[in-house]
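Enquirer: Residue numbers (the working numbering), protein chains in the order written: chain A, 1 to 305; chain B, 1001 to 1305; chain C, 2001 to 2305.
Don't be surprised by glycine CBs; every beta carbon is placed ideally from N, CA and C.
Remember, predicted model here, so these are calculated numbers, not experimental data.
Structure provided below as structure tokens; questions to follow.
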């Protein structure tokens, strides 16, 4: 499968994940440990971010550099410091950036659908690095790669997705990918006001994925192979009622979990995982972030070389 | 002509434009399409911007990269994030930057005259990338190159400059360049409160350029080879009276225009050009932006190699 | 001495300064004048700044580039534009950045102790580029190198440190370094409300360094080899009482100073040095800033090659 743009998790098929992405990401890890390669020499990236980011922007730029590509332009707050501040539309911005001979544009936009619009106006490949409450497909790819790498399989796993499921784009995108595997069991654990979107639940039904909606993490913790914890998206406005609690992964939850289970988090975390969990071997979230580098190196290599 | 600094459009003579800049910009377009050259290998640029920019900063950094030069430092909002935030004068900042061995400093400043001051304190070449309501000479160079490229000539053309002529620095700088050509006819189309500066009108009289001041774009549209539309500079405060309208280039204006005419705009645009104009072959503004890359590559090559 | 992290001025011994840093900084000056070297080819830096900076960030990035290293990621306002804006702890951020294969992380943090915390969680070398009101050790190293270079010696000099001695981190760090030399005499000249920290005065006593606390710069100006002027740190809140004046180095002070003395300032300066002092050969502050480049090149070479 030749990839032109990366817009949404749905565009990726299981076969491509298993035959192309996972082996190449593994190879990229070895290349990174050896200090990089020059496979993307002369290739040029534009990083265009309308919202704050460390992990995503840094890992894309580091990935490009490790493969000897160049970042020809990087803006970390396009909303404030680029022509967007003067009211330019995304369409116009993308057309202009196309004129500067990039080989790829990595775009984080602040509204759902941004990457799709950008791709319509771009002859240069667009990578969606998050579009508001929409999708964050490269995060989903690194998430599913992490599950495969840590557990050795994806078919048959049970996973609890925990927290702000209404607005967390990472859990949306990951659900789409898991929908292609077999015997998956998903527990959506959230306050009632932040339940998983209907659109995704309908997709999972169609894919014959078993899921249930829960409100009590303790009830679920002992049952799953993966706890995928997420952050309350305070910057998108509080939808949480005062009476509703939130979930914290701490020693108590760890004690309930299976020995071979793992804890994931897209990071950054605030208080929803206690720091004393970090040293437990099941805490996979820092390894997960590191995998982001390898997956992004793999994607760039596939798209540009 | 050896160029030390690029400060204002006035410093460029017709002969240099025709014999040096235009042919080199054309050559640079071919080099860009071939993937670049290494003519500026080891050369180092500092991008120092006190005001938001996408096009200008990105095209300079992309130009440098395409010629294998390096951007050793880039700040997109020096007013807020550099020592300027602590109150340092431009003079001191420039002296300091000189100590870091750049080969060129690209400077956008937020007040008129910034580039001239910078040049006085810099042994390293300064390129004015816009100084408040002052000048934006590289924009003027790409504008006049675009006219030459699209129409095949500059002598004898008629042009309507439209919009905020009082504060739009691109129309000021372009007027200075056009003043060196023959049989030019300029229509300054603006609300009464945003008329072209006297200083520029006096210069044009001295150069024997015929111009008239108009308020009705429809009256002028059928007469000209170029409509140069500009943006209301809202970020510089509104000087427009409520009773005054603004100008929009739309299908109605297109229908009035000559078949071989062209529409320019320094971009970003807001509502002053309807999106449905974009697909008309006379809409030259995206090609104009692209020419910015070639002109800046040419300037960097001339100054640094 | 092999350096792992650079956290505080105290970690450097006189012998290392004289035998390693000073000769290498001198060599780096020659290399910079020749256009650089490729000693750090393939080496990768992350610049992570939580507070505004021009000089420090630019000189580190320029230093890296001159030695053919690469800056793989640079953020100029991490507090606002990185995951720190979402509340991520410094510990987590540093762990994540470690996963992107940098060879060094240059960190400016907005609270005292940031670099020390970062070093605890980083297997990659951390360079403290300023931590709030804490330390700024590479500034201290360039300061002491400048004294050595300008005066030809450090033992036996007398120096007036002037201004906001309570909060100015450069004077704290420089005091620690001077404490290792012999026959130093320090005059701390400050308003009563901004006197030098007790902690540093106790250290100097232990080191047998003679110092006195003064309020009148004119009284001291004729006695010293170095006036080290500093800036009022307005961004850290005013601690100055209305009745207290401040100090200005102007023609009057110059007239009092010895012929072979020198004026230093970490820059940026506001009004505390009159611009007409700049042309006096004793005004060493722009040379001091330039030395920052050579010292940082030397440090990067020592740590990374």
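#1: Does the region 1009-1020 of chain B come close enough to the region 86-95 of chain A that 3 or more CB-CB pairs lie under 8 Å?
#2: Please tell me whether residue 1073 of chain B has its Cβ less than 7 Å away from any Cβ of chain C.
#3: Taking just the CA atoms, how far does residue 1059 of chain B sit from residue 65 of chain A?
#4: Can you name the start and end residues of the beta strand (DSSP E) that residue 2214 of chain C belongs to?
#5: Could you pull the DSSP bridge partners for residue 1106 of chain B from this structure?
#6: Report yes or no: is there a C-beta of chain B within less than 7 Å of the C-beta of residue 96 of chain A?
#7: Quick one, which of B/1049, B/1301, B/1020 has its alpha-carbon nearest residue 1109 of chain B's?
#8: Determine whether the Cβ of residue 101 of chain A lies closer than 7 Å to any Cβ atom of chain B.
#9: Please name the residue, chosen from B/1248, B/1044, B/1154, B/1165, that lies closest to residue 1303 of chain B on a Cα-to-Cα basis.
#10: Out of C/2189, C/2175, C/2041, which has the shortest C-alpha to C-alpha gap to residue 2163 of chain C?
#11: Per DSSP, what kind of secondary structure is residue 1236 of chain B in: helix, strand or coil?
#12: Just to confirm, is the Cβ distance from residue 98 of chain A to residue 123 of chain A under 7 Å?
#13: Any idea what DSSP makes of residue 2158 of chain C, helix, strand or coil?
#14: Going by Cα to Cα distance, which pick from B/1003, B/1166, B/1160 is closest to residue 1192 of chain B?
#15: Starting from the Cα of residue 275 of chain A, find the closest Cα among A/254, A/20, A/207 and give me that residue.
#16: Tell me, please, whether the region 2114-2134 of chain C touches the region 2248-2268 of chain C by the rule of three or more beta-carbon pairs shorter than 8 Å.
#17: Under the three-state reduction of DSSP, which class applies to residue 2006 of chain C: helix, strand or coil?
#18: Going along chain B in order, which residues have a C-beta closer than 8 Å to the C-beta of residue 2269 of chain C?
#19: Judging by CA-CA distance, which residue of B/1180, B/1112, B/1138 is the nearest neighbour of residue 1292 of chain B?
#20: Nearest-angstrom Cα distance between residue 1003 of chain B and residue 1134 of chain B?
#21: Would you mind working out which of B/1111, B/1142, B/1035 sits nearest residue 1022 of chain B, comparing C-alpha positions?
#22: Are there 16 or more other CB atoms within 10 angstroms of the CB of residue 168 of chain A, so buried, or fewer, so exposed?
#23: Starting from residue 297 of chain A, trace the alpha helix (DSSP H) both ways and give me its first and last residue.
#24: Could you spell out where the beta strand (DSSP E) holding residue 2074 of chain C opens and where it closes?
#25: Could you please give the first and the last residue of the uninterrupted beta strand (DSSP E) stretch that includes residue 2185 of chain C?
#26: Quick check: what's the CA-CA separation for residue 2222 of chain C versus residue 2216 of chain C?
#27: Distance, Cα to Cα, residue 2114 of chain C vs residue 1227 of chain B?
#28: Check the DSSP bridge columns for residue 2229 of chain C and list the partner residues they point to.
#29: Does any residue of chain C bring its CB to less than 7 Å from the CB of residue 48 of chain A?
#30: So residue 68 of chain A and residue 37 of chain A are in contact, right, with Cβ under 8 Å, and what is the actual spacing, rounded?
#31: Rank A/54, A/94, A/106 by C-alpha distance to the C-alpha of residue 2096 of chain C and give the top, closest one.
#32: For residue 1286 of chain B, would you say it is in contact with chain A, using Cβ-to-Cβ distances shorter than 7 Å as the test?
#33: Could you list the residues in the region 1059-1072 of chain B with a C-beta less than 7 Å from some C-beta on chain A, going in chain order?
#34: Are there 16 or more other CB atoms within 10 angstroms of the CB of residue 1128 of chain B, so buried, or fewer, so exposed?
#35: Suppose the cutoff is 6 Å on Cβ atoms and the five residues either side in sequence are ignored; what does the same chain contact list for residue 2132 of chain C look like?
#36: State the start and end residues of the unbroken beta strand (DSSP E) segment that holds residue 1094 of chain B.
Expert: On the basis of the supplied data:
#1: In the pairwise beta carbon analysis, the region 86-95 of chain A is classified as not touching the region 1009-1020 of chain B: fewer than three pairs are separated by under 8 Å.
#2: Within the second chain, the letter at position 73 stands for residue 1073 of chain B. Judged by the 7 Å Cβ criterion, residue 1073 of chain B is in contact with chain C.
#3: For the purposes of this step, residue 65 of chain A is taken as residue 65 along the first chain, with counting starting at 1. For the purposes of this step, residue 1059 of chain B is taken as residue 59 along the second chain, with counting starting at 1. Distance between residue 65 of chain A and residue 1059 of chain B, taken at the CA atoms: about 21 Å.
#4: Here residue 2214 of chain C corresponds to residue number 214 of the third chain, with the count starting at 1. Here the beta strand (DSSP E) through residue 2214 of chain C covers 2210-2214.
#5: As a position in the second chain, residue 1106 of chain B is number 106, starting the count at 1. According to DSSP, residue 1106 of chain B bridges with B/1047, B/1127.
#6: Stepping through the first chain from its first residue, residue 96 of chain A is reached at position 96. It does: the Cβ of residue 96 of chain A has a partner Cβ on chain B nearer than 7 Å.
#7: What you label residue 1109 of chain B is simply residue 109 of the second chain in a count that begins at 1. Out of B/1049, B/1301, B/1020, B/1049 has the C-alpha closest to the C-alpha of residue 1109 of chain B.
#8: For this step, residue 101 of chain A is matched to residue 101 along the first chain. The beta carbon of residue 101 of chain A falls within 7 Å of a beta carbon belonging to chain B, placing the residue at that interface.
#9: Your numbering for residue 1303 of chain B matches position 303 in the second chain. Looking at the Cα atoms, B/1044 is the closest of the given residues.
#10: In the third chain, the residue the question calls residue 2163 of chain C occupies position 163. Ranking C/2189, C/2175, C/2041 by Cα distance to residue 2163 of chain C puts C/2189 first.
#11: Along the second chain, read from residue 1 onward, the residue named residue 1236 of chain B stands at position 236. Reliability of the predicted coordinates at residue 1236 of chain B is poor, the pLDDT of 48 falling under 50, and no value is obtained from them.
#12: Working through the first chain from its first residue, we reach residue 98 of chain A at position 98. Working through the first chain from its first residue, we reach residue 123 of chain A at position 123. Yes, Cβ-Cβ distance for residue 98 of chain A and residue 123 of chain A is below 7 Å.
#13: By one-based count along the third chain, residue 2158 of chain C stands at place 158. Of the three classes helix, strand and coil, the one that applies to residue 2158 of chain C here is strand, per DSSP.
#14: Your numbering for residue 1192 of chain B matches position 192 in the second chain. Nearest option by C-alpha distance: B/1166.
#15: To locate residue 275 of chain A, count along the first chain from 1; it is residue 275. Looking at the Cα atoms, A/254 is the closest of the given residues.
#16: Between the region 2114-2134 of chain C and the region 2248-2268 of chain C, the count of C-beta pairs closer than 8 Å stays below three; the two stretches do not touch.
#17: By one-based count along the third chain, residue 2006 of chain C stands at place 6. Correct three-state label for residue 2006 of chain C: strand.
#18: As a position in the third chain, residue 2269 of chain C is number 269, starting the count at 1. 1088, 1092, listed in chain order.
#19: Counted from its first residue, the second chain places residue 1292 of chain B at position 292. Ranking the options by Cα distance to residue 1292 of chain B, first place goes to B/1138.
#20: As a position in the second chain, residue 1003 of chain B is number 3, starting the count at 1. As a position in the second chain, residue 1134 of chain B is number 134, starting the count at 1. Taking the straight line from one Cα to the other gives about 20 Å.
#21: Here the question's residue 1022 of chain B lines up with position 22 in the second chain. The candidate whose alpha carbon is nearest that of residue 1022 of chain B is B/1142.
#22: To locate residue 168 of chain A, count along the first chain from 1; it is residue 168. Classification for residue 168 of chain A: buried.
#23: Stepping through the first chain from its first residue, residue 297 of chain A is reached at position 297. That run of the alpha helix (DSSP H) goes 285-304.
#24: Indexing the third chain from 1 puts residue 2074 of chain C at position 74. Residue range 2070-2075 is occupied by the beta strand (DSSP E) that includes residue 2074 of chain C.
#25: Taking the first residue of the third chain as 1, we reach residue 2185 of chain C at position 185. First-last of the beta strand (DSSP E) with residue 2185 of chain C: 2185-2189.
#26: On the third chain, residue 2222 of chain C is found 222 positions in, with the first residue counted as 1. On the third chain, residue 2216 of chain C is found 216 positions in, with the first residue counted as 1. The straight-line gap from Cα to Cα measures roughly 12 Å.
#27: Taking the third chain and counting its residues from 1, one reaches residue 2114 of chain C at position 114. Taking the second chain and counting its residues from 1, one reaches residue 1227 of chain B at position 227. Approximately 56 Å, taken between the alpha carbons.
#28: Within the third chain, the letter at position 229 stands for residue 2229 of chain C. Residue 2229 of chain C is bridged to C/2162.
#29: Counted from its first residue, the first chain places residue 48 of chain A at position 48. Output row for residue 48 of chain A: interface = no.
#30: As a working note, residue 68 of chain A is residue 68 in the first chain. As a working note, residue 37 of chain A is residue 37 in the first chain. Their Cβ separation, rounded to whole angstroms, is 7 Å, which keeps residue 68 of chain A and residue 37 of chain A in contact under 8 Å.
#31: Taking the third chain and counting its residues from 1, the one referred to as residue 2096 of chain C is at position 96. Looking at the Cα atoms, A/54 is the closest of the given residues.
#32: Counting from 1 along the second chain, the entry for residue 1286 of chain B is found at position 286. It does: the Cβ of residue 1286 of chain B has a partner Cβ on chain A nearer than 7 Å.
#33: 1059, 1061, 1062, 1065, 1066
#34: Position 128 of the second chain, counting from 1, holds the residue named residue 1128 of chain B. That one is buried.
#35: As a working mapping, residue 2132 of chain C is identified with position 132 in the third chain. Correct list, in chain order: 2110, 2111, 2112.
#36: Within the second chain, numbered from 1, the residue matching residue 1094 of chain B stands at position 94. Unbroken run through residue 1094 of chain B is the alpha helix (DSSP H), 1090-1098; no beta strand (DSSP E).
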